[in-house]
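Numbering-wise, our numbering puts 639 at position 376 of the sequence shown, and it's gapless, one number per residue.
Note that the Cβ used here is the ideal one computed from N, Cα and C, for glycine as well.
Treat the numbers as computed from the prediction; the structure is a model and nothing was measured.
Scroll down for the structure; my scribbles are underneath it.
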Amino acid sequence: MCVENTPPPPSRLTRRGILAGAAALAGTTAALSASLPPAAAATDADRAARRTGGTLVVDGGTLLDPATGEVTEDAVVVIVGGVVRAAGARGRTRVPEGAEVVDAHGKWILPGLVEAHIHLNTAAEARDAVLKGATTARSGSTNFYQDIAVRELARQAPHLAPRLRAAGIFVTPDLGDTVLADPDLTPLAGLRDGVRSPEALRRVVEVNLARGADVIKTRVNERAGLPEQDPLAQVYDREQLSAVVAAAKRGGKGVLCHSYSEKGCHDAVLAGVRSLEHGAFVGERTLREMRRRGTYFTPTLTAIAGLAESSDPVLAERGRTYLPVLERAVLAAHELGVPLAAGTDSSGGEVDPIGREVELMRKAGLPALDAIRTATTGAARLLGLEDRVGRLARGFAGDVLLVDGDPLADVTVLKKPARVVRSGFAL
């Protein structure tokens, strides 16, 4: 949970070679060469076609707008160049001639889902996330900037990866082999106390920003997914977290913070993080402060539920203990008006469907529509993409999910999409 170890990239990296090296590490080179025309022979039309589909019509299903809750039967969605041109009832929606048609009769139509916390290290994981419904995502960090390569892969070949907000590397006291991710990080390896001083914290943030990170990931507590660690032990205090937030803010970026204990959560929120991740023991005083500040809560219920199924007895007991506490925190957050975002914290080669997190939000007590919003309009706002994703309306991304049933009656249908459309590409 929260970043598995992966092999380092080639030892020689230049700033100009960052994306090429990271792409090779993420396994994207083969994926691109298999799906795209050779660069030397590519025309402008070829390059445009890589990034968007042609004209596609999703025809005949029941359309759900998560923003309003409106349900439209016998709906049509028209996507041109990867963007929704029209969506609504058949009688009010003009269908262009000669378009590719996806038959949606008997199915429900939703926007592609937004996964707010995932670790994507390879092209295979990125593709799997899309096929399981996550057409947009936010990285929870990677060890060697693979997520930045995945973000670029998504821009060039959107059918291969979700639209991604990349976090780069984790701002954590012990970087381990991650000091090899960039030559500018290697001086930190000699620090006796690890990455703790304001200067060291600032350095990691600045290297992330120089690499092109969209957000910054840090922590306040140790990890729950390692039996030898105590998730309630605090590793950074409020002053250190504030240094991370300030450095990120200077670069125009927000911070997501791995957290568990109430004191850790409170310190992170007062330090100004944009979103609190996991947060099992977050208390009412912190939730009220989050509501006041507009701080998001990404509980990653899927990851905590996964601990309860672990073969390790320490982790299994931890999961069984934490999950009901976290469920109560999620319901309390919802009732207080704290914005919630869905994230599975998938990592290590296993991609959980984002629909599983929606299911667990519903189980925690959220109404079905509100649970769906945590993976659509709510998560889209967290990522700063509320005008592009989370709905199927004119001008929004042509990302579509077809499911075999009414998600308002049974949100579990979101776990196994019948069909996914990514930026106008029917998959």
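Beta-bridge pairing of residue i - partner residues as DSSP gives them
{"i": "Asp322", "result": "Val339 and Asp366"}
{"i": "Glu540", "result": "His521 and Thr561"}
{"i": "Thr399", "result": "Val377 and Arg426"}
{"i": "Leu664", "result": "Leu373 and Val683"}
{"i": "Phe688", "result": "Arg685"}
{"i": "Leu327", "result": "Val334"}
Span of the alpha helix (DSSP H) around residue i
{"i": "Ile479", "result": "Where Ile479 is concerned, there is no enclosing alpha helix (DSSP H), although the beta strand (DSSP E) it sits in stretches over Ile479 to Arg482."}
{"i": "Gly316", "result": "No alpha helix (DSSP H) contains Gly316, which DSSP labels as neither H nor E."}
{"i": "Ala392", "result": "Ala386 to Leu394"}
{"i": "Asp633", "result": "Ala631 to Arg636"}
{"i": "Gly641", "result": "Thr640 to Leu645"}
{"i": "Thr410", "result": "The question names Thr, yet the displayed sequence has Asp at residue 410. Where Asp410 is concerned, the enclosing alpha helix (DSSP H) stretches over Gln409 to Gln419."}
The beta strand (DSSP E) enclosing residue i, as first and last residue numbers
{"i": "Ala379", "result": "Leu376 to Ile381"}
{"i": "Gly351", "result": "Val346 to Ala352"}
Residue j beta carbon less than 9 Å from that of residue i
{"i": "Ala595", "j": "Leu539", "result": "no"}
{"i": "Gly562", "j": "Leu603", "result": "Rather than Gly, the amino acid found at residue 562 in this sequence is Pro. Yes, Cβ-Cβ distance for Pro562 and Leu603 is below 9 Å."}
{"i": "Ala487", "j": "Tyr523", "result": "yes"}
{"i": "Gly600", "j": "Gly345", "result": "no"}
{"i": "Arg401", "j": "Ala379", "result": "yes"}
{"i": "Pro494", "j": "Arg390", "result": "no"}
{"i": "Gln497", "j": "Val483", "result": "yes"}
{"i": "Thr637", "j": "Glu649", "result": "no"}
{"i": "Ala681", "j": "Leu665", "result": "yes"}
{"i": "Val358", "j": "Asp322", "result": "yes"}
{"i": "Val393", "j": "Val683", "result": "yes"}
{"i": "Thr335", "j": "Leu326", "result": "yes"}
{"i": "Ala463", "j": "Phe407", "result": "no"}
{"i": "Asn384", "j": "Val434", "result": "no"}
{"i": "Val413", "j": "Ala429", "result": "yes"}
{"i": "Ala397", "j": "Pro425", "result": "yes"}
{"i": "Val468", "j": "Leu438", "result": "no"}
{"i": "Thr691", "j": "Leu376", "result": "Absent from the model: residue 691. The displayed extent of the chain is 264 to 690, so no value can be given."}
{"i": "Gly517", "j": "Arg537", "result": "yes"}
{"i": "Gly431", "j": "Ser404", "result": "yes"}
{"i": "Val508", "j": "Gly542", "result": "no"}
{"i": "Glu552", "j": "Val532", "result": "yes"}
{"i": "Gly332", "j": "Trp371", "result": "no"}
{"i": "Leu690", "j": "Leu623", "result": "no"}
{"i": "Thr481", "j": "Cys520", "result": "yes"}
{"i": "Arg465", "j": "Ala510", "result": "yes"}
{"i": "Pro490", "j": "Val577", "result": "yes"}
{"i": "His597", "j": "Ala627", "result": "yes"}
{"i": "Gly369", "j": "Asp667", "result": "yes"}
{"i": "Leu448", "j": "Gly457", "result": "no"}
{"i": "Ala592", "j": "Phe544", "result": "yes"}
{"i": "Asp530", "j": "Tyr559", "result": "no"}
{"i": "Ile411", "j": "Arg474", "result": "yes"}
{"i": "Ala330", "j": "Thr356", "result": "no"}
{"i": "Arg685", "j": "His422", "result": "yes"}
{"i": "Ala672", "j": "Ala634", "result": "no"}
Closer than 9 Å to chain B by CB, residue i
{"i": "Ala672", "result": "This model lacks chain B altogether; it includes just one protein chain."}
| task | Mind listing, in chain order, the continuous alpha helix (DSSP H) runs of no fewer than 4 residues lying wholly within the segment 546-625? | result | 547-556, 564-571 and 576-599
| request: Run through the segment 430-514 for me and flag every whole beta strand (DSSP E) of 3 or more residues, listed as ranges in chain order. | output: 479-482
| At a cut of 8 Å, does the segment 674-681 reach the segment 617-633 through at least three beta carbon pairs? | yes
| message | For the structure I just gave you, are there three or more beta carbon pairs, one from the segment 343-359 and one from the segment 647-659, closer than 8 Å? | response | yes
| request: Check whether the segment 582-591 touches the segment 553-571, taking contact to mean three or more Cβ pairs, one atom from each stretch, closer than 8 Å. | output: yes
| message | Quick check: the segment 367-382 against the segment 604-612, are at least 3 beta-carbon pairs closer than 8 Å? | response | yes
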